[in-house]
Each structure stands twice: as structure tokens, then as C-alpha cells.
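Quick mapping for you: the protein sequence lines, in order, are chains A and B.
Counting from 3, one number per residue, gives the positions in the first sequence under the working numbering.
Counting from 346, one number per residue, gives the positions in the second sequence under the working numbering.
Backbone N, C-alpha and C fix where the C-beta goes; we use that ideal spot for every residue, glycine too.
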Amino acid sequence: MSEDSAVVDYHPMWEELGIDLPTHDALLSAVGQMYGDAFLTQENRPAGMSYLDFVMSEVHGLRVKELHDFRATGGKIVGTFCLYVPEEIVRAAGAWCVGLCAGAEFGYDEVERIMPRNTCALIKSFMGFELTNVCPYIKESDLIVGETTCDGKKKAYELLGEMQNVYVMELPQMKRPQDIAFYRAELDDFRAKVEELTGKALTAETLKASIKEVNDKRRALQRIAATRAASPAPISGKDALLATQVAFYDDVPRYTQMMNALADELEERVADGAGVAPAAAKRVLITGTPMALPNWKLHDIIEKSGGIVVGEEMCTGSRYYDTLVPEDGETVEEMFDALAAKYMDINCACFTPNQGRMDDIVRMAREYNADGVIDYALNFCATYQAEAFSVEKALQQAGIPIMKIDTDYSAEDIGQLSTRVEAFLEMI
Amino acid sequence: MRVLGLDIGSRSVDAVWLEEGRIVDSAVADSGFDPAAAARVFVERGNHDVLIATGYGRHTARESFACDVVTEIKAYAAGASVLFPGAASVLDIGGQDTKVITLGATGKVTDFEMNDKCAAGTGKFLEVMARALGFTLEEMAAEAIAASRTVAITSMCTVFAESEVTGLVHRGESRSAIARGLHESIAKRTVSSLKRVGAVGPLVFAGGVAKNPAMVALIRREFPGDVLVPGESETDSQIVGAFGAALCGLPVK
Chain A
3 MSEDSAVVDY HPMWEELGID LPTHDALLSA VGQMYGDAFL TQENRPAGMS
53 YLDFVMSEVH GLRVKELHDF RATGGKIVGT FCLYVPEEIV RAAGAWCVGL
103 CAGAEFGYDE VERIMPRNTC ALIKSFMGFE LTNVCPYIKE SDLIVGETTC
153 DGKKKAYELL GEMQNVYVME LPQMKRPQDI AFYRAELDDF RAKVEELTGK
203 ALTAETLKAS IKEVNDKRRA LQRIAATRAA SPAPISGKDA LLATQVAFYD
253 DVPRYTQMMN ALADELEERV ADGAGVAPAA AKRVLITGTP MALPNWKLHD
303 IIEKSGGIVV GEEMCTGSRY YDTLVPEDGE TVEEMFDALA AKYMDINCAC
353 FTPNQGRMDD IVRMAREYNA DGVIDYALNF CATYQAEAFS VEKALQQAGI
403 PIMKIDTDYS AEDIGQLSTR VEAFLEMI
Chain B
346 MRVLGLDIGS RSVDAVWLEE GRIVDSAVAD SGFDPAAAAR VFVERGNHDV
396 LIATGYGRHT ARESFACDVV TEIKAYAAGA SVLFPGAASV LDIGGQDTKV
446 ITLGATGKVT DFEMNDKCAA GTGKFLEVMA RALGFTLEEM AAEAIAASRT
496 VAITSMCTVF AESEVTGLVH RGESRSAIAR GLHESIAKRT VSSLKRVGAV
546 GPLVFAGGVA KNPAMVALIR REFPGDVLVP GESETDSQIV GAFGAALCGL
596 PVK
């Protein structure tokens, strides 16, 4: 993507994809307004954020065009919703991976005709995007890969499968050796599925390269995250969250390069003691359910209340980039073992028991010098809502202030949430 | 130095003028459709050196009057702990919020909980129920106290409870028993919220709903500790927030 490209009208491309143009225009305009209000009003942003501003301004434009052109030359796109679907395997078989939209309240009236009202916002959101024909990423996906991380998603994928080419990976619910072996076997099946889609074989060589490439992306994000431990923080939580969200969409080598450039700038800021918020700003670690693009609600409330978010223990955060796949495997078998071990080491609330997540939260709160932790759960997300009580207990034992929030993507509780967040910031 | 504390709530705008840490004047006005305008009347009296706002409309006040703001949580904690030294917790039931706060030794907030986006069990809820029963708020409280029996109200949602009350009236249930049941259900819900944050006595019960004698009596019955109500001493329970905000506006010594 070059920033000097002329303004292009993407309507013909969207029309070809079967996008509902008037509804989609309304969605883009709403997201653009949200973005302007949440991001462009921030002061003293790192210069490197201009890349992400550009990506967001072209989120349904230039990036979709790249996918479109890739497919025109026979390339295949795999759409995913979850960290447990390894991008390394997709890329090693010659396809590209994109994370699908699930972060805005859209098309709920359509969704509620086929699903219960009390389904979590994330599921309702991706189903709403599909049913109202406004997501070009779904349209560009040759295969959508679901996973069995919760009951709501399992049933949603059955419905989505009636409309799109959906493949579901089974994820175990415990982390015993036999569970890891089970997931390892699922990866073999997934490999076969992607190879069938692309008509290309995954080899030791392509897999080794894709492991390195995706690790490099994670390393860039680790560098950005590390700078957030500094006081004053060199980047807002909102901008850092956006960087992670875009990791699921963007071209991998280009994104890695741009994020390393951003990390260079942030490291300089830290060395110079420069920050985006006063050093006295209260520092908050967020933990909980993933925040899919364009969900910036809680970060926006916290930072407009004078606090600063210094870390995210979530799938759009440390769970995505904190661990790497060992790069010393030589055979496909060795590398698949390494992938299975790495992915089964992610601490999602869909697992039982999940003490590892409690340890991660307490460790991160200390590493990032957080004054307090906010546990964020989407309404009707049973696993994270239930686990919030264990999170609260673990943090209380560690002497770290914690507040639990249950919410969704709507704006109707922003007034009350602002009061609770401000009071929490006053208290800690 | 004179500090004006404003509590701009959903139902009323409350003002307290503080001089040398003592209340020298106070006033309450209806929020109406333009709470900022109601607040402006107090600001334009001009007899203050420092202005500080709390409540639902605090951000509007910050924009209109360029003043400092604190949350209702901090303001009520400050107000209650000065009015009642040694208070361990605070209950504030206002027009559309219920807040429970636990206090540390120096009156610092140690934990709090507030209702989320719905107005169940708040002043607004009582207003709607009084209208459904054909009472004023004062009459409904008096009827609840005088009632010889009660009926269980199962809905806490304002909309569902209104339907339930209408249904009970149509079934010939006595209005005073319904009034009693409504107050009891709020008291039970509120006390369970207090228990959730581990609140112990002495508990300061403030906010507009603390003026309701039936609610005070029932909270006293349900809560296992002393319940102190500002209106029963010298300060109106409704201005605790404005008083607390004014205290937060005092320069740090």
C-alpha cells in the first residue's frame, strides 16, 4: 500500500463481491466517524500510527483489492475467527489468512431471526455482517475456518455453513497430553483441507519460512508491547490495540516492517522519556474477551477518562503475540509438534482448568506497572464471565485492584461505564 | 475561600456552598430538560472561588464552566465520611443510579458497585410505580409503612414491574400492600448488592431515595449493621453528593 495512491472508487469491486452497497456505505461512514472520534482526536501520537490510519481508511478498499487481485491469479483466502487456527499452516500451503469482522453491532435484527437474542455480541456481529452482506472479507474468503471454542460459535458455524464454505476444527477443552495429541491430529486434517483448497503441498521448506514470517510479526508486536511498560507510556492503549487488531488483516511482511518501524520510534520515545499521557495517568491492564475490529469502546472510555491502557491480556493482545513457535524444527513432523505445543499453550477461558491465565494476568500487571486491572467480558460469554470471578480472586490475593465489566458493542451503557471507570481510576 | 459543589443528577441539580469546610448555603433545583441551565443559575450567583461538579452531568459542567469534576462515587464517599466520621460504607440511591461504596479508614473508596444501564430499584423506578398506583411518592411511602400486609413483587425491571403492579391492582390487591411489596423488593435487592461488596456498618444511606421513610425503615430492617441517614441529623440526604464534591474541591492541605 502506498500512501500516494489516488482516491479509488471501490464500488464496482464491492458490487462484484455481492456487497449491499447502500448498507455498506452507511457502515463505512459510521466506522469512519467512530475512528475519527476515538483515534484522530488523540494528542502526540507516534508518527508511525499514520500507517495504521491509512490502513483503516482503506480497510474495505485497498486491502480488499489486494486480496481480490491475489485471488484473480489463483490465490486462495482463508477467513478465521480464532487464534487456534494456525496462520503458519495456511501460508505454508500458499493461501493467505484474514481475521473476519466481529466488532460492531450490525444486522442484529436479521441475526435474531435465526439465533437467540442472548447470544454474545461477537457472534451476533459476524453473523450480522454475513446476513446483511457488508463484509468484503467474508466475500473474499474461499474457506472460512471455525473452531469449537464455545457453544455459541459451534452453532453459529452450522448456520454460517449454510451460506459459506465453512470448515470447523475441533479444539479440546483440557490440556492433558492426550488433548495436545488430539489437537496435533486436527492440525494434520487442517493441513489436508488447506492443501486441497490451494492445490499446493505444504513442505518443510514452506512451513519453516511461514513459521519464521509469522514469528517475525509477533516479535514486532512484542517490541511494541515492551515499550508500554515505560512511564510515561509512549503509545496510547487504543493505538496499541489497533496495531494488534490490524495484525489479523494486513499483508504479513509489510505489516511486520511497519510495526518494527513503529517499535523503533516507541523505543526512542522511551529513551527520551516522551509519552502520550502524563506520567501520573493511572495505568490499566485489560483482560478478557477479544476486542475485534472496530471495537474500541472500553479503551476509549478509559483513555477519555484520563487513564492509560498499558496492556491487553486477550486474544487481540498478549495471547496473540507473547509466545513464538520454536524455529529449530527441520521436518514437517517436528514443526507440527512445535505448532501444536505453541497453540495449546495459549490460555483461553475455553480451557479447564485455566490457572495459567491467572498467572499471566498477575505477571503482566506487574511487568507493565499497572495500577489496576479491568476484566472485560461480553454479555453471554459464559466462559469469560464465569472466569472473571477467578481473575478477581487471583488479583485480590496479589493485592492488585480489579474491576469487572460486562458489556457489549452498543453505546447505551457508555454513560454508566464512564462513571464506573472514572471512579475506579480515582480509587486506584 | 468559598467552594461551590454541584451534583448534576438525572432528576435534580444540587448545590452546596462551603466556607472553611462548613456548609454556608445549599439549594436544590429540578434538572428539567436542560440540567446545564439549572446548574448555571447556581454558578451565576457568583459567590464562589472554586467550582467543582459531580453527577451524571459533570462532563457537561466541565465543558460549560471549565471546572474540575469528580465521580459521584468519590463525592458521596467524601461527603458521607465527613458527615459521619467512622462510616464504613455508603449507599446512594439517586434518580437513576444505585451505588454502594465501601470506605477505608480515612474515608477513601476501597470498593464500589453500581447498577448498570437499567434504572431498576432507583428513584425513577419509585416514581413510575407511584404513578401506576395513583399515589404521590410521599403517599406511597406512607401507605407502605402503614400497610398491614405485603405482596411479593417479582419483577425488578421498571417496565415489567409496572405491568405486574397494574395486574395486581386489577386483581383487586390493595394498593398499600403493593406499595409495601415494592419497597421491600428494592430493599432486599439493595442489601444483597451491599453484601456483594462486603459492606459493613455503620452504613450511610444518602441520595434522594433516603428521604423516603419506608425505604429507610426497610433498609434498616434488612441490613445487619447501623444505618445512618443524613436527613435525620442536620444535612439533607439529597445534598451529600454536592457537599462531597465541594470537599473534593478544597485545596489539598
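Spatially closest choice to residue i from the options, by CA coordinates
i: A/Asp324; options: A/Pro174, A/Gly374 and A/Ala222; result: A/Ala222
i: A/Ala245; options: A/Asp22, A/Tyr53 and A/Ser31; result: A/Tyr53
i: A/Pro296; options: A/Ser59, A/Ile213 and A/Glu164; result: A/Ser59
i: A/Ile116; options: A/Ile288, A/Ala232, A/Leu161 and A/Ala263; result: A/Leu161
i: A/Arg73; options: A/Ala94, A/Glu90 and A/Cys99; result: A/Cys99
i: A/Gln418; options: B/Thr443, B/Val504 and B/Arg407; result: B/Thr443
i: A/Phe41; options: A/Leu69, A/Glu305, A/Val334 and A/Ile91; result: A/Glu305
i: A/Pro280; options: A/Gln259, A/Val9 and A/Glu45; result: A/Glu45
i: A/Glu207; options: A/Ile91, A/Pro174, A/Thr121 and A/Ala231; result: A/Ile91
i: A/Met176; options: A/Cys352, A/Ile404, A/Lys156 and A/Ser392; result: A/Cys352
i: A/Asp347; options: A/Arg178, A/Met15 and A/Glu114; result: A/Arg178
i: A/Trp298; options: A/Gln35, A/Tyr169, A/His13 and A/Asp266; result: A/Gln35
i: A/Leu133; options: A/Ala384, A/Val272 and A/His26; result: A/His26
i: A/Ala94; options: A/Gly201, A/Glu149 and A/Pro403; result: A/Gly201
i: B/Gly324; options: B/Lys419, B/Cys463 and B/Ala475; result: Beyond the ends of chain B as shown, which are 346 and 598, falls residue 324 of chain B; an answer cannot be given.
i: A/Ala413; options: A/Ile140, A/Gly63 and A/Leu300; result: A/Leu300
i: B/Thr455; options: A/Thr421, A/Ser420 and A/Met405; result: A/Met405
i: A/Arg285; options: A/Ala106, A/Ile376, A/Met15 and A/Lys214; result: A/Ile376
i: A/Pro1; options: A/Ile213, A/Gln224, A/Ala104 and A/Ala106; result: Residue 1 of chain A is absent from the model: chain A starts at 3 and stops at 430.
i: A/Cys84; options: A/Gln247, A/Gly38 and A/Ile21; result: A/Gln247
i: B/Glu567; options: B/Ala532, B/Ile584, B/Val542 and B/Ala590; result: B/Ala532
i: A/Tyr12; options: A/Thr421, A/Glu332, A/Gly63 and A/Ala32; result: A/Gly63
i: A/Glu428; options: B/Ala372, B/Val348 and B/Val414; result: B/Val414
i: B/Ser582; options: B/Ala590, B/Gly479 and B/Val549; result: B/Val549
i: A/Glu314; options: A/Thr333, A/Gly239, A/Glu332 and A/Lys155; result: A/Gly239
i: B/Ala372; options: B/Thr511, B/Trp362, B/Ala381 and B/Glu509; result: B/Trp362
i: A/Ala379; options: A/Ala106, A/Val61, A/Leu124 and A/Leu23; result: A/Leu124
Length of the line joining the Cα atoms of residue i and residue j
i: A/Leu204; j: A/Leu243; result: 32 Å
i: B/Lys598; j: A/Ile237; result: Reliability fails at B/Lys598, whose pLDDT of 49 lies under 50, so the model's placement of it is uncertain and the value that follows must be treated cautiously. So the alpha carbons of these two residues sit roughly 34 Å apart.
i: A/Ile226; j: A/Val278; result: 14 Å
i: A/Ser4; j: A/Phe56; result: Reliability fails at A/Ser4, whose pLDDT of 48 lies under 50, so the model's placement of it is uncertain and the value that follows must be treated cautiously. Between A/Ser4 and A/Phe56, the C-alpha separation is close to 9 Å.
i: A/Asp71; j: A/Glu17; result: 15 Å
i: B/Val572; j: A/Tyr386; result: 36 Å
i: A/Leu102; j: A/Leu209; result: 23 Å
i: A/Cys137; j: A/Asp330; result: 38 Å
i: A/Ile430; j: A/Gln398; result: 13 Å
i: A/Ala367; j: A/Met360; result: 11 Å
i: B/Gly366; j: B/Gly424; result: 11 Å
i: B/Thr405; j: A/Asp181; result: 55 Å
i: A/Ala372; j: A/Leu287; result: 6 Å
i: B/Gly350; j: A/Leu19; result: 58 Å
i: A/Gly275; j: A/Ala49; result: 16 Å
i: A/Asp191; j: A/Asp153; result: 22 Å
i: B/Ser519; j: B/Val574; result: 30 Å
i: B/Ala486; j: B/Asn557; result: 6 Å
i: A/Phe426; j: B/Glu417; result: 12 Å
i: A/Thr333; j: A/Ala343; result: 16 Å
i: B/Gly517; j: A/Ala158; result: 47 Å
Supposed contact pair residue j and residue i - C-beta distance, whole angstroms, cut 8 Å
i: A/Tyr370; j: A/Val312; result: 4 Å
i: A/Cys317; j: A/Pro292; result: 4 Å
i: A/Asn381; j: A/Asp410; result: 5 Å
i: A/Leu145; j: A/Asn120; result: Actually they do not touch by this definition, with Cβ atoms about 30 Å apart.
i: B/Gly546; j: B/Gly576; result: Going by Cβ atoms, the distance from B/Gly546 to B/Gly576 rounds to 18 Å, so no, they are not a contact pair.
i: A/Tyr257; j: A/Ala265; result: Not confirmed; about 12 Å, so no contact.
i: B/Tyr421; j: B/Ala544; result: Contact doesn't hold; Cβ gap of about 13 Å is too wide.
i: B/Asp375; j: B/Ala383; result: 7 Å
i: B/Gly400; j: B/Ile353; result: 4 Å
Residue i CB to nearest heavy atom of the ligand FAD below 8 Å
i: A/Asn297; result: Ligands are entirely absent from the displayed structure, and the ligand FAD is therefore not among its contents.
| request: Indicate whether the contact test is met: 3 or more Cβ pairs, each with one atom in the region 331 to 343 of chain A and one in the region 184 to 196 of chain A, closer than 8 Å. | output: Because the criterion of three Cβ pairs below 8 Å is met, the region 331 to 343 of chain A and the region 184 to 196 of chain A touch.
| query | Do the region 458 to 477 of chain B and the region 589 to 598 of chain B touch if we need at least three Cβ pairs shorter than 8 Å? | reply | Short answer: they don't touch.
| task | Inspect the CB distances between the region 512 to 528 of chain B and the region 422 to 441 of chain B and report whether three or more fall short of 8 Å. | result | Verdict: no, contact absent.
| query | Okay, do the region 538 to 546 of chain B and the region 483 to 502 of chain B touch, 3+ Cβ pairs below 8 Å being the bar? | reply | With the cut-off at 8 Å, the region 538 to 546 of chain B and the region 483 to 502 of chain B do not touch.
| said: Can you pull out the residues from the region 352 to 386 of chain B whose beta carbon lies closer than 7 Å to at least one beta carbon of chain E? | reply: The structure shown contains no chain E; its protein chains are A and B.
| Looking at C-beta atoms only, is the number of pairs between the region 382 to 402 of chain B and the region 347 to 362 of chain B that lie closer than 8 Å three or more? | Result yes; three or more Cβ-Cβ pairs closer than 8 Å.
| Where the region 405 to 421 of chain B meets chain A: residues whose CB sits under 9 Å from a CB there | Per Cβ criterion, the list reads Val414, Val415, Thr416, Glu417, Ile418 and Lys419.
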